[in-house]
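Residues in the sequence shown are numbered consecutively from 1, following UniProt numbering.
Where is the CB? At the ideal position from N, CA and C, for every residue including glycine.
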Amino acid sequence: MIITDDFLPLPVPESLTATYLVPVSTPPDVTPTQALAALGDRVTELVHDLSRQMLESPLMTVDLRPVDEFPELPPDLLTAFGATEEQLGRLATATNLIVVQASYRPGWPPAHEWAARAVGAAMAEAVGGDLVDVFGLQFLDPATALRSLPDPEGRVRLVDWVLVPYSTAEGGLWFTTKGLRRFGLLELQAQEVPTHLTRGWGAVMTGVARRLLRTWTDGLSGIEVPAFVQLPVVTTVTDHDIAVAYGYPRQQDAAGPAALRLELDPATDPEADSFLTLLPPIGHPGSVSRYFAGVCTTLFGAPRSDVRYDRSDDAMARAVATARAGLPAIRERFVGGSLAGDLQLLVKYALATAEGPEYVWAGVDSWQRPEQILCTSACDAVADPTVRIGAAVTVATAEVVDWALLDRGSVVEGGWTQAVLDAGQRG
1 MIITDDFLPL PVPESLTATY LVPVSTPPDV TPTQALAALG DRVTELVHDL SRQMLESPLM
61 TVDLRPVDEF PELPPDLLTA FGATEEQLGR LATATNLIVV QASYRPGWPP AHEWAARAVG
121 AAMAEAVGGD LVDVFGLQFL DPATALRSLP DPEGRVRLVD WVLVPYSTAE GGLWFTTKGL
181 RRFGLLELQA QEVPTHLTRG WGAVMTGVAR RLLRTWTDGL SGIEVPAFVQ LPVVTTVTDH
241 DIAVAYGYPR QQDAAGPAAL RLELDPATDP EADSFLTLLP PIGHPGSVSR YFAGVCTTLF
301 GAPRSDVRYD RSDDAMARAV ATARAGLPAI RERFVGGSLA GDLQLLVKYA LATAEGPEYV
361 WAGVDSWQRP EQILCTSACD AVADPTVRIG AAVTVATAEV VDWALLDRGS VVEGGWTQAV
421 LDAGQRG
């Protein structure tokens, strides 16, 4: 390995482990193999074969353990990553845990994660329980977990595996990723992010994660696992990286690239995480905040408000009424599987704020109960800091004010309220 100022050598762990839990009070009456087989064509042949092979090998274990034999999961962090009171209550009253663990070498595919999530989701569905991703400290609806697994072409949405939480810090917002360590890579962080860039910078972080993860796994593609993988000190991110990370069809780069410098920030506490910090390239004359704002402008164009508040005019009322009238039919099409493979269903729902409802878009993952929709947030809410891009959210159907079908990132059906808002802006 040649060490230069242009590349950052990162050590490669010998193996990686995924852990998923299913809280239960009575032992399951099915085996993991039976539960996996019951999934049928809801997962691809690739996932079936990979999971079955790992189940039959020492690389995966599925054990039933008393709750007190497993380290306690912190309720505050589970809540921060979307856990509901009902889910926390079921975890608190469970007497046992089905513990699914799988280990594998770093590289692509991440067999340990795909197989452990598939088997864990199958067991959770078989017992009618919850699935807990220990790495992400996140409750996953079994149907949502299954939808996050690779499609027939082996593709996944990175936002189903890597979250981008943020918090207030001196000088702006502090963004991190949570999920890159699943693949052996260090997590990213960015500090001094302007507060008005919450949505845009979350997408930037996700796009950078996708670009670096590809470089990382390309470096691990050989037969032997290397001791180090070299990442470029200056990396670029484009709208293509962001689109692919969010599961939109591949497209030619229409904007960018934007450059960001990587700097290793090693932890001084052995129990803490080290980070790869995102910074402006060396020689940039302005502040970090100003450079980050410029990155968002390069990728997304001139900034505009992410918040949509209520408009009580007749056009908006008609748009909401039209959207709500179509909810039963679009649910039937979604649940019945009649939507084409490239179509994505989103719903727009209301969050209460002091200034009126804030409208938030979310991608639909599961809609088994007519009154409740399990989604992945498509944006960061201003009113609720737990609603962030890529976070799991539960939406009451009664709160939905619009829905839209997207094909290659463009609305092909629905989106009535958005059309009213856009028309108002043009006027």
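Inter-residue Cα distance where the pair is S287 and S57: Within the sequence shown, numbered from 1, the residue matching residue 287 stands at position 287. Within the sequence shown, numbered from 1, the residue matching residue 57 stands at position 57. The alpha-carbon atoms of S287 and S57 are separated by roughly 53 Å.
Rounded straight-line distance, which links the Cα of L212 to that of H240: To locate residue 240, count along the sequence shown from 1; it is residue 240. To locate residue 212, count along the sequence shown from 1; it is residue 212. In this model, H240 and L212 are separated by some 14 Å (Cα to Cα).
Cβ-based burial, D365 [other Cβ within 10 Å; buried from 16]: Here the question's residue 365 lines up with position 365 in the sequence shown. That one is buried.
Best match in R90, A38, G107 for proximity to S15 [C-alpha to C-alpha]: For the purposes of this step, residue 15 is taken as residue 15 along the sequence shown, with counting starting at 1. Of the candidates R90, A38, G107, the one whose C-alpha sits nearest the C-alpha of S15 is G107.
Opposing strand residues paired with Y246 [DSSP bridges]: Here residue 246 refers to the residue found at position 246 of the sequence shown. Residue pairing for Y246: DSSP places it in no beta bridge.
Burial state of R117 (16 or more Cβ within 10 Å): Residue numbering aside, residue 117 sits at position 117 when the sequence shown is read from its first letter. Answer is buried; the Cβ neighbour count reaches 16.
Whether R182 touches E113 by CB criterion (7 Å): Walking along the sequence shown from the start, residue 182 turns up at place 182. Walking along the sequence shown from the start, residue 113 turns up at place 113. In contact: R182 and E113 (Cβ atoms closer than 7 Å).
Segment limits, alpha helix (DSSP H) that includes S51: The residue labelled residue 51 in the question sits at position 51 within the sequence shown. Element bounds for S51: 45 to 55.
Nearest candidate by alpha-carbon position, reference V100, set T31, Y291, D49, A350: Within the sequence shown, residue 100 is the residue found at index 100, counting from 1. Cα-wise, what sits closest to V100 is T31.
Contact check, L185 vs T177, beta carbons under 7 Å: Stepping through the sequence shown from its first residue, residue 185 is reached at position 185. Stepping through the sequence shown from its first residue, residue 177 is reached at position 177. Against a cut-off of 7 Å, the Cβ pair of T177 and L185 comes out as no contact.
Neighbourhood of I242 by C-beta distance below 6 Å, restricted to the same chain and skipping five residues each side: Along the sequence shown, one-based indexing puts residue 242 at 242. Hits under 6 Å: A203, G207.
Residues sharing a beta bridge with L215, DSSP: The count along the sequence shown starts at 1 and reaches residue 215 at position 215. Looking at the sequence shown, residue 215 is not Leu but Thr. For T215, which the question treats as bridged, DSSP gives no partner whatsoever.
DSSP state of T61 mapped onto helix, strand, coil: As a working note, residue 61 is residue 61 in the sequence shown. It is a strand residue.
Pairwise C-alpha distance: K348 and S312: Residue numbering aside, residue 312 sits at position 312 when the sequence shown is read from its first letter. Residue numbering aside, residue 348 sits at position 348 when the sequence shown is read from its first letter. With a pLDDT of 48 at S312, under the threshold of 50, the predicted position of this residue should be treated as unreliable, though the coordinate-derived value follows. Looking at the two C-alpha atoms, the distance is approximately 17 Å.
4 or more residues per run - each alpha helix (DSSP H) lying fully within the stretch 105 to 156: Runs of the alpha helix (DSSP H) spanning 4 or more residues and lying entirely within the stretch 105 to 156 occur at 111 to 127, 142 to 147, in chain order.
Option nearest E332 by Cα separation, candidates W361, R369, L299: The residue labelled residue 332 in the question sits at position 332 within the sequence shown. Each of W361, R369, L299 was checked against the Cα of E332, and the nearest Cα belongs to R369.
F175 in three-state terms, based on DSSP: Locating residue 175 in the sequence shown gives position 175, counting from the first residue. It is a strand residue.
Pick from V132, H196, D5, G154 that is closest to W174, judged by C-alpha positions: Reading the sequence shown from its first residue, position 174 is the one you call residue 174. Considering only alpha carbons, the answer is H196.
Local Cβ density within 10 Å of D124, reported as buried at 16 or more and exposed below that: Sequence index remark: in the sequence shown, residue 124 carries index 124 (1-based). According to the sequence displayed, residue 124 carries Ala and not Asp. The residue in question, A124, is buried, as its Cβ has 16 or more Cβ neighbours within 10 Å.
Residue from T19, G247, C296 with nearest C-alpha to T236: The sequence position of residue 236 within the sequence shown is 236, counting from 1. Out of T19, G247, C296, C296 has the C-alpha closest to the C-alpha of T236.
Q230 - partner residues in DSSP beta bridges: The residue you call residue 230 lines up with position 230 of the sequence shown. Beta-bridge pairing links Q230 to P9.
Touching by the beta-carbon criterion (3+ pairs, under 8 Å), the stretch 127 to 141 and the stretch 47 to 67: They do not touch, by the three-pair rule.
Cβ-based neighbour list, R90, same chain, cut-off 8 Å, excluding 5 preceding and 5 following: For this step, residue 90 is matched to residue 90 along the sequence shown. Within the same chain, R90 has close Cβ partners P23, G129, D130.
C-alpha gap between F275 and L264, whole angstroms: For the purposes of this step, residue 275 is taken as the residue at position 275 of the sequence shown. For the purposes of this step, residue 264 is taken as the residue at position 264 of the sequence shown. Using only the alpha carbons, I get a separation of about 6 Å.
Assumed close pair Q87, F139 - CB separation to whole angstroms, cut-off 8 Å: Taking the first residue of the sequence shown as 1, we reach residue 87 at position 87. Taking the first residue of the sequence shown as 1, we reach residue 139 at position 139. Rounded to the nearest angstrom, the Cβ distance from Q87 to F139 is 5 Å, consistent with a contact under 8 Å.
W361 and C379 closer than 7 Å at C-beta: As a first step, residue 361 is located in the sequence shown; it is residue number 361 there, counting from the start. As a first step, residue 379 is located in the sequence shown; it is residue number 379 there, counting from the start. For the pair W361 and C379, the CB atoms are nearer than the 7 Å cut-off.
Per DSSP, the bridge partner or partners of E187: Against the sequence shown, residue 187 aligns to sequence position 187. In DSSP, E187 forms a bridge with F275.
Bounding residues of the alpha helix (DSSP H) (the contiguous stretch that carries G89): Sequence index remark: in the sequence shown, residue 89 carries index 89 (1-based). First-last of the alpha helix (DSSP H) with G89: 85 to 93.
Paired residues, beta bridge with C375 - DSSP: Taking the first residue of the sequence shown as 1, we reach residue 375 at position 375. V364, V393.
Span of the alpha helix (DSSP H) around V335: Numbered from 1 along the sequence shown, position 335 holds the residue referred to as residue 335. First-last of the alpha helix (DSSP H) with V335: 327 to 335.
As assigned by DSSP and simplified to three states, the class of W201: Along the sequence shown, read from residue 1 onward, the residue named residue 201 stands at position 201. In the structure shown, W201 sits in a helix (DSSP, three-state: H, G or I).
Extent of the continuous beta strand (DSSP E) run through T195: Position 195 of the sequence shown holds residue 195. Counting along the chain, T195 falls outside any beta strand (DSSP E), and DSSP gives it neither H nor E.
Inter-residue spacing [alpha-carbon to alpha-carbon] between Y309 and S377: Here residue 309 is taken as the residue at index 309 of the sequence shown, counted from 1. Here residue 377 is taken as the residue at index 377 of the sequence shown, counted from 1. Unreliable placement is indicated for Y309, whose pLDDT of 42 sits below 50; the coordinate value is still reported in the next sentence. Approximately 18 Å between the Cα atoms of the pair.
Close-in-space but distant-in-sequence residues of the same chain around S410 (CB under 6 Å, 5 per side omitted): For this step, residue 410 is matched to residue 410 along the sequence shown. So no residue of the chain qualifies.
A111 versus T61 - alpha carbon distance: Position 111 of the sequence shown, counted from the first residue, corresponds to residue 111. Position 61 of the sequence shown, counted from the first residue, corresponds to residue 61. Their backbone Cα atoms lie some 14 Å apart in a straight line.
For T168 and S103, believed in contact at Cβ under 8 Å, the rounded distance: Residue numbering aside, residue 103 sits at position 103 when the sequence shown is read from its first letter. Residue numbering aside, residue 168 sits at position 168 when the sequence shown is read from its first letter. With a Cβ gap of about 37 Å, S103 and T168 do not count as contacting.
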